[in-house]
Amino acid sequence: MHLIDTHAHLEEVADLDGALARAKQAGVVAVIAVGSDLASNQRILEIADRYRGFVYPALGLHPGNLGDIAHQEATFRLIETNLDRLVGVGEIGLDYHYRDARKSEEVRETQKRAYSRALALARDSGKPALIHSRGSWQDCVDLAQELKVEKAIFHWYSGPVDVLQQALSAGYFVSATPATEYSEGHRRALLHVGIERLMLETDSPVAYKGVPAEPAHVLKTLSAVSALKGAAADVIAQATTNNARKVFGM
Ligand SMILES: [Zn+2]
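Following our numbering, the numbering of the sequence shown begins with 54 at its first residue and continues without gaps.
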């Protein structure tokens, strides 16, 4: 069985050598390493160099890591300079769940500006956008469509089903995390996503039920999705791996 972890913060994973060896043993054939800010993006490039052919880099600017204008500019410069070697642009997106974003229109506007700029890079380079959309599902899908983004993966989607249907109609994908086992919002969404639009991920090293994830845990995602959908694990593995290969151009 060949699996691809399509969303992992490898620069934060403890014992990365060991974690990637365990991933290979578990049947993982590739990991998409996503960046969140200037420093993590730089680390992602180093890690992708070191594990060439196994770790594939995506660089981004997470809505929770925007920082000041100088940081945003430097981050976009780094992304643009390295665009050719990236398999995607992310992690990018909006997050209206943060207290400052809930309270301030200005914060939400700043998030939208950075997200739109990143979406334009994804569109112009033909690379997929990896999107974080917590509490901001409608704006995330609307902006991706307005900017004519063709390839997008909504990571850990747990928003309203009608917005999800809009994203699926636009040809976008959803990636499932190990929270598929217990997150009601995520489970409800995944029931509406056909396997032809699905990918698997871990969001490592996010902890699920107190256990920090590593890429090998994409197996947990697989079994949770398999149980939820009542479909054979090998069928889901093959479909999701093919989807990832196609969308990331691997
Ligand atoms: Zn993430």
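The beta carbon of each residue, even a glycine, is placed where N, CA and C say it ideally should be.
Opposing strand residues paired with residue i [DSSP bridges]
i: K185; result: Checking the displayed sequence, the identity of residue 185 turns out to be His instead of Lys. Looking at the DSSP assignment, H185 forms a beta bridge with G146.
i: L56; result: V81
i: A61; result: A86 and S257
i: L172; result: Note: L172 sits in no beta bridge, so no partner.
i: L251; result: V227
Reference residue i, options the options, closest by Cα
i: V202; options: G238, L253 and V142; result: V142
i: G120; options: W209, V160, S211 and G238; result: V160
i: H185; options: A197, S169, S222 and H208; result: H208
i: R103; options: E64, T134 and A123; result: E64
i: V214; options: T59, S93, H55 and E237; result: E237
i: V300; options: K180, I248 and G188; result: K180
i: D148; options: L98, W190 and S178; result: W190
i: Y109; options: L98, S93, A74 and N118; result: L98
i: R138; options: S157, H150 and G106; result: G106
i: D58; options: A285, Q198 and I85; result: I85
i: P268; options: A76, I100, I122 and Q291; result: A76
i: N296; options: A284, G247, A260 and G283; result: G247
i: V227; options: E234, K204 and Q125; result: K204
i: C193; options: D177, Q219 and S178; result: Q219
i: A173; options: E133, T293, V271 and I122; result: E133
i: Y235; options: T274, R152 and Q125; result: T274
i: A72; options: L112, T255, E162 and S169; result: T255
i: S222; options: H245, A101 and R241; result: H245
i: A229; options: A171, A154, H270 and A123; result: H270
i: H60; options: I122, G117, S89 and Q291; result: S89
i: L69; options: S276, P265, Q291 and A242; result: P265
i: A92; options: L112, Q78, T293 and A79; result: L112
i: Y225; options: A232, A197 and A101; result: A197
i: P304; options: I100, L253, R155 and A292; result: With the chain running from 54 to 303 in the structure shown, residue 304 is simply not present.
i: L56; options: V81, E162 and D177; result: V81
i: D287; options: R96, V259, L253 and G302; result: L253
i: Q125; options: T163, A74, A285 and S276; result: T163
i: V259; options: E249, L281, A285 and A232; result: A232
Presumed contact (8 Å Cβ cut-off) between residue i and residue j, rounded CB distance
i: L175; j: L114; result: In the sequence on display, residue 175 carries Ala and not Leu. 12 Å between Cβ atoms; not a contact.
i: H239; j: S211; result: 4 Å
i: L217; j: A182; result: Going by Cβ atoms, the distance from L217 to A182 rounds to 16 Å, so no, they are not a contact pair.
i: L131; j: N94; result: 6 Å
Every unbroken alpha helix (DSSP H) within the region 80-141, with a cutoff of 4 residues, ordered by chain
91-103 and 122-135
Note down, one range per segment and in chain order, each alpha helix (DSSP H) of at least 4 residues found wholly within the region 253-283.
271-282
Taking the runs of the alpha helix (DSSP H) that are 4 residues or longer, which of them lie wholly in the region 178-233?
190-199 and 214-222
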